[in-house]
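Numbers given in my numbering equal positions in the sequence shown, counted from 1, plus 2. Even for Gly, the Cβ is constructed at its ideal location relative to N, Cα and C. This report refers to the structure that appears directly beneath it.
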Amino acid sequence: MFRYGKRNGYLTIALIVLAIVPILIALFVIPQMPDEVPMAFGADGAPTRFASRYQLLLVPGVAALLGIVSVVLARRQAEQEPASGAVAQIVYFRHVRSAVLTELLLFACTIYILVTAYLGTGFTLAF
């Protein structure tokens, strides 16, 4: 994990944590929800579509898969830079940094989805 430097190692740890924590949160919250939860909302915040609560695992599952694949691909890309260790570190950093930012966005999406499904109301656009 620290093969490409200390900073990249810590970024990799952050990426793995950001990939796993949303699934843990979802696995804790989803059993407490009713069987059907609102999944889409109108402009007034009223639910327009209902679905099984287990569909809420889709976004955290994709986030976890994306995080793991990103680490593997970053390592593979860095290994293809045989000329210099510094170049390999830069390549690895760029890939992992982008993956961490993506995981942060997916983490925010997971929290939004779980909160709106738990509360049963969307955020309204009406004033």
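Beta-carbon proximity check, residue i vs residue j, cutoff 8 Å
i	j	result
residue 13	residue 98	yes
residue 42	residue 102	no
residue 58	residue 18	no
residue 39	residue 53	yes
residue 109	residue 20	yes
Cβ-based neighbour list, residue i, same chain, cut-off 6 Å, excluding 5 preceding and 5 following
i	result
residue 112	24, 61 and 62
residue 72	101
residue 93	79, 80 and 83
residue 89	83
residue 27	none
Span of the alpha helix (DSSP H) around residue i
i	result
residue 119	87 to 121
residue 16	8 to 31
residue 77	60 to 81
7 Å CB neighbourhood of residue i in its chain, flanking five on each side removed
i	result
residue 120	31 and 35
residue 75	97
residue 6	80, 90, 91 and 94
residue 117	none
residue 106	20
First and last residue of the uninterrupted beta strand (DSSP E) at residue i
i	result
residue 84	Per DSSP, residue 84 belongs to no beta strand (DSSP E) and is neither H nor E.
residue 43	38 to 43
residue 48	Run containing residue 48: none; DSSP gives neither H nor E here.
heavy atom of the ligand HEM below 7 Å from residue i C-beta
i	result
residue 74	This structure lacks the ligand HEM; in fact it carries no ligand of any kind.
Supposed close pair residue i, residue j - CB separation, criterion 8 Å
i	j	result
residue 104	residue 68	7 Å
residue 47	residue 125	7 Å
residue 122	residue 33	About 17 Å separates the two Cβ atoms, so there is no contact after all.
residue 37	residue 55	6 Å
Cβ neighbours of residue i in the same chain (closer than 8 Å, five flanking residues each side left out)
i	result
residue 9	95
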